[in-house]
RNA sequence: CGGGGCGUAGUAUACCGGUAGUACGUAUGAUUCGGGUUCAUAAAGACCGGGUUCGAUUCCCGGCGCCCCGACCA
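Residue numbers (this note's numbering): 5 to 489.
Here's what the structure looks like:
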C-alpha cells in the first residue's frame, strides 16, 4: 500500500492539487488511515468524533418526528435481493457475497448488505397489516458494503457507515411528505452544522436509486467545481411493497399496497466537509461540528513562569467548558510552539487562544480564528462571551464563504458551445434547459463527463418554452449539471 | 474490468548477487520554546512460493497485496 506521508513537510497546496491535498489532510489531520483491506479505511478518533456529531444531530431530528431505530442483519439471502429487478440489477456489480461459513459452502450465498431495503421490507410485510399500523417509521445506523472499483477515503469506500431511514405509508401524499421532510433534515444539517450551502432537488431518471420511483438529493459544490452527492431521499412508490407484500387493510377493509420511502446520509459527508472548508494549513472545522472548538495554548518561555502560564491556560479552558464550549488545553512545552500551532491548525480547531507571559502581564488573551488565521486580543475577564461570539462568527462566515463558492461555481448555459466550454475550462455546475430524455443524458455524459445533478426543488414546477441545451428537443425546465466525484 | 506502477524498519525512500543506507517518527538525556529548535545515544526492516547460483533482498517465473489512471458506480 502506498503510503501516507507523515513528514513534517508542508501540505500539498489545495489550489495546486486538490486530490493530493485531500489525501494529505485526511491522513495528517488524524481523520482516517488506510486499512489492510482494499478500499477500506480506519476511522480514527478525530474523524469518528465528526461522525458522532452527525449521528447525534440527525438522530434527534428523526426521533422528534417519531422515527424509531432498529437493527437488521448484515447478511441478506440472495433470493431476497433478487426480488426487485431494477434494484438487483443496480447493485449486483458491487456486491460482496459470502459463499462459505462454518467451514462449509452455504446452500444459499449471503450478500453483505449494500443497503437494506430488501431484508427490511420482507419483514415490514409482517409488521404492516392494518391502516392503523401506518405510518411505520424506522431508521438504522449501520455499515454497508459496496465493492466499488475505485475508492477514496470517506468519499467512496468499500465499507461505509451511514443511516438508512425506511418508512411505510398509506398513500403517495403521506410518503412524499416524508421524503421531502427527510431531505430537508439533510439540507438543514449541512447548512447549520457543516456550514455548507448545498443544492437540493430531484434526480434524473439515469441518476435515481435502483428501484425508486423518484430520488431527491443534496448535492455539494466542491471547490474544483465537481459535485458530491451528499444525501439522498427516495420515494419508492409501491415497487418494493408489491414484490415484498407490504400490504394493509384500509378502513373499509380493502387490501392496499403501501407506499414507501428510504433516505440516507453516510460518512461521505465528512469528505465533503473536508473538501469544502479546508485550506493550505489543513482542516477547517465549523464550530458547531468541531469536536474541539477551542484550544488553549500555553506559550512558554525561558523568562516567564511557565507553571503559572500552564495553570492559567487550564483555568481558561475550564471556564470555557463550564460555559458549554468544547475546549481543550495544550500545556505541552516539550514541543516547539510552531509545531503545536501547526498541529492544531491541521486538525481544524476553530479558535486558538494563546496564553503566555505577555497575556499574563496585560490581562488580555490572544485569540486566533482558524478560518481566517487572523489574530485578535480579548480581555481576560470577557473570555467566555468573546469566545462564544467568535465561534458564532466563524460558523456564519464559513456558511457565507460556502454560499459564495456555490454562486461562483454555478454558471448558466443556453447553448452546447457554452456548456462544453465551461466543462473544458475549469469545471463548474451548469444550469441549463434540458429535454430530460435518458438518451440525451447519456450523450451529455459521454461528451463532457457531466451528468444532471438535480432539478432544484423550486424549479420542479417551472415551465419554460425553450429547447434542450444538448439535443435541441423541447425543454421546459433548467437542470443543474456537473461532473460527479 | 482494461492500462500503468509498487511491495525494503512504524512511515517514506536508497543502494546492492556476498556486513541493507538515509530521513521522519519512536525511546532516553540534554538544549530550545511568541510559528514545524538543535544535538547525542538507542531500538527497529527485505510480501509469499518456486527457480538460477557456492551464495538471492537483488536476477527469472508464479502467486498474493496495494496504489494510480480509465471504464463503472449510492
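Virtual Cβ for every residue (Gly too), placed ideally from N, Cα, C.
Extent of the continuous beta strand (DSSP E) run through residue i
i: residue 111; result: 108 to 116
i: residue 434; result: 433 to 438
i: residue 255; result: Per DSSP, residue 255 belongs to no beta strand (DSSP E) and is neither H nor E.
i: residue 203; result: 203 to 206
i: residue 76; result: Looking at the DSSP string, residue 76 is not in any beta strand (DSSP E), and its letter there is neither H nor E.
i: residue 424; result: Looking at the DSSP string, residue 424 is not in any beta strand (DSSP E); the run it does join, the alpha helix (DSSP H), is 420 to 428.
i: residue 32; result: Looking at the DSSP string, residue 32 is not in any beta strand (DSSP E); the run it does join, the alpha helix (DSSP H), is 22 to 32.
i: residue 369; result: 368 to 373
Whether residue i touches residue j by CB criterion (9 Å)
i: residue 117; j: residue 79; result: yes
i: residue 172; j: residue 245; result: yes
i: residue 486; j: residue 231; result: yes
i: residue 115; j: residue 100; result: yes
i: residue 167; j: residue 240; result: no
i: residue 333; j: residue 300; result: yes
i: residue 433; j: residue 203; result: yes
i: residue 178; j: residue 281; result: no
i: residue 46; j: residue 271; result: no
i: residue 336; j: residue 344; result: yes
i: residue 275; j: residue 458; result: no
i: residue 266; j: residue 452; result: no
i: residue 430; j: residue 229; result: yes
i: residue 58; j: residue 273; result: yes
i: residue 262; j: residue 132; result: yes
i: residue 164; j: residue 147; result: yes
i: residue 313; j: residue 357; result: no
i: residue 1; j: residue 277; result: The structure shown does not extend to residue 1, since the chain spans only 5 to 489, so no value can be given for it.
i: residue 95; j: residue 248; result: no
Alpha helix (DSSP H) segment containing residue i, residue limits
i: residue 334; result: Not the alpha helix (DSSP H): residue 334 falls in the beta strand (DSSP E), residues 331 to 334.
i: residue 56; result: 49 to 68
i: residue 398; result: 387 to 412
i: residue 326; result: 310 to 326
i: residue 89; result: 89 to 95
i: residue 282; result: Element bounds for residue 282: n/a, residue is neither H nor E.
i: residue 446; result: 442 to 452
i: residue 135; result: Neither: residue 135 is in no alpha helix (DSSP H) and is coded neither H nor E.
Contact set for residue i: own chain, Cβ-Cβ below 6 Å, skip 5 residues either direction
i: residue 91; result: 214, 215
i: residue 21; result: none
i: residue 24; result: 16
i: residue 325; result: 331
i: residue 226; result: 232, 279
i: residue 435; result: 416, 482, 484
i: residue 449; result: 455
i: residue 414; result: 433
Exposure of residue i, with buried meaning 16 or more beta-carbon neighbours within 10 Å
i: residue 123; result: buried
i: residue 89; result: exposed
i: residue 355; result: buried
i: residue 75; result: exposed
i: residue 60; result: exposed
i: residue 264; result: buried
i: residue 28; result: buried
8 Å CB neighbourhood of residue i in its chain, flanking five on each side removed
i: residue 36; result: 30, 45, 46, 47, 48, 51, 157, 158
i: residue 209; result: 440, 442, 445
i: residue 464; result: 205, 206, 481
Contacts around residue i, its chain only, beta-carbon distance under 7 Å, and the 5 residues preceding and following it disregarded
i: residue 323; result: 387, 388
- Task: Decide yes or no for the touch test of the segment 235 to 253 against the segment 133 to 147: beta carbon pairs closer than 8 Å, at least 3 of them.
- Result: yes
- Message: Using 8 Å as the cut-off, can you tell me whether the segment 192 to 199 makes contact with the segment 281 to 298, which would need three or more C-beta pairs spanning the two stretches below that distance?
- Response: yes
- Query: Any chance the segment 145 to 164 sits against the segment 184 to 192, with 3 or more Cβ pairs inside 8 Å?
  - Reply: At 8 Å Cβ cutoff, the stretches do not touch.
- Query: Pairing CB atoms from the segment 429 to 446 with CB atoms from the segment 464 to 479, are three or more of them under 8 Å?
  - Reply: Three or more beta-carbon pairs separated by less than 8 Å link the segment 429 to 446 to the segment 464 to 479, which places the two stretches in contact.
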